[in-house]
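To start, the structure itself, in structure tokens.
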Amino acid sequence: MQPIKSYFEEALKAGASDLHLVGGDKPTIRIDGNLKDLETEPIFAEELEKAIYTILDASKKKTFEETLELDFGLEMKGSRFRVNLHRQNGTVGLAARVIPKNIPTPQDLRFEPQLLEATNLLDGLVLIVGPTGHGKSTTLATMINEINKSRKSHIITIEDPIEFIFKEDKSLIEQREVGTDTKSFAEALKHVLRQDPNVILVGEMRDFETISIALTAAETGHLVLSTLHAASAAEAIERIIDVFDGPQQRQVMIQLASVLRVIVTQHLLPTIEGSRVAAREILVNNPAVANMIKESNIAQIYSA
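Count along the sequence shown from 1, add 14, and you get the number used in the working numbering.
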């Protein structure tokens, strides 16, 4: 087996978005949504496990051995990867997402006017929704960086793991990593309002507690940006409401109708040239949409 770092380097050279290392198989990369084997021999499971442990510090090794799952950021030769370790078939598997060196500009990502306008918001909730691997984190990073370049704000990000590293321009930026700087999204959010933020990025709204505190933060004069796994704006709204018990749902509908600003549904679609481009559907909250959320007429929001 060649040095493990060489597989990461090959993924970068090929312009891949992802790298997969699984014992017994050839290293595999994903380019423009399609999987491709690297031209090398399959990796023995025992060798792969030993090699993976060379990129972990003592703390990460301990966490992985205790939980059998690990997400972390890895920097290598000026490039960053979001790495997931897991166990499969009795051995270790690795999946790594390539994080672009530079944060794309709104022009690079072809931001629609409504999406660019959302970076001027001072409070409320902005959601980027869509499937895994369709650029939600990149879109969020571009929005945060646009805020950073345009006004003086205190920006706090809560990520699992940290992906893009922001360079301060006009804003003060703190980046907190779940598992390293805080125990969980919910735990970080419990304390974030005491840290005097203007803008809060929550990497993902996964559970009741995180969603509940994020709504409260948006309600109390902060701009909250986050992602959610949902196929549409309507599904995202329903998922938020559904994490609450029946008696709480009415109040949450009223709260969400008040704090919601924009929901962006994003998919990466193949182009004729073989690359991928973001296709977005943007729902901007207005009195008609807010009223439909309050009345639980979610399916009708597209007619507003």
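All C-beta atoms, glycine included, are put in the ideal place defined by N, C-alpha and C.
None of these values were measured; they are calculated from a predicted model.
Exposure label - residue i; buried when at least 16 CB within 10 Å
| i | result |
| --- | --- |
| E191 | buried |
| A202 | buried |
| P41 | buried |
| S293 | The sequence given here places Ala at residue 293; Ser does not occur at that position. Its Cβ having fewer than 16 others within 10 Å, A293 is exposed. |
| H236 | buried |
| S96 | This sequence places Arg at residue 96; Ser is not what is there. It counts as buried. |
| H34 | buried |
| L136 | exposed |
| V140 | buried |
| M90 | exposed |
| H205 | exposed |
Residue i - containing alpha helix (DSSP H), residue span
| i | result |
| --- | --- |
| E23 | 18-27 |
| T153 | 150-164 |
| E249 | 247-256 |
| P12 | Residue 12 cannot be examined here, being either before or after the span of the chain that is shown, 15 to 318. |
| S272 | 260-273 |
| T224 | 222-233 |
| A59 | 59-67 |
| E131 | 127-132 |
Closest residue to residue i among the options (Cα-Cα distance)
| i | options | result |
| --- | --- | --- |
| I14 | G235, L215, A302 | The requested residue 14 does not occur in the structure, where the chain is confined to residues 15 to 318. |
| E63 | G104, R44, D256, G235 | G104 |
| L99 | L82, L129, Q269, Y316 | L82 |
| Y21 | D46, G47, D51 | D51 |
| V278 | A245, S73, D259, L70 | A245 |
| G193 | P56, G37, K19, K74 | K74 |
| D46 | A248, G288, M306 | G288 |
| R220 | I187, L186, F258, Q189 | F258 |
| N300 | P284, A271, V291 | A271 |
| P56 | I43, Y67, L70, D39 | D39 |
| K308 | V276, K150, I268 | I268 |
| V36 | F58, Q16, E23 | F58 |
| T285 | N48, D32, A25, K19 | N48 |
| E79 | K91, E89, I66, L88 | I66 |
| L282 | I69, D32, G144 | G144 |
First through last residue of the beta strand (DSSP E) which encompasses residue i
| i | result |
| --- | --- |
| E326 | The requested residue 326 does not occur in the structure, where the chain is confined to residues 15 to 318. |
| L203 | Note, L203: premise wrong, no beta strand (DSSP E); alpha helix (DSSP H) at 199-206. |
| R101 | 93-102 |
| L49 | 48-51 |
| V298 | 290-298 |
| G107 | 105-113 |
Proximity test, Cβ basis, 7 Å: residue i and chain D
| i | result |
| --- | --- |
| E233 | In summary, chain D is missing from the structure at hand, where a single protein chain is found. |
### Query
On the three-pair Cβ rule with 8 Å, is the region 159-178 touching the region 308-315?
no
### Task
Evaluate contact between the region 102-116 and the region 206-215, counting only Cβ atoms and requiring at least three cross-stretch pairs below 8 Å.
no
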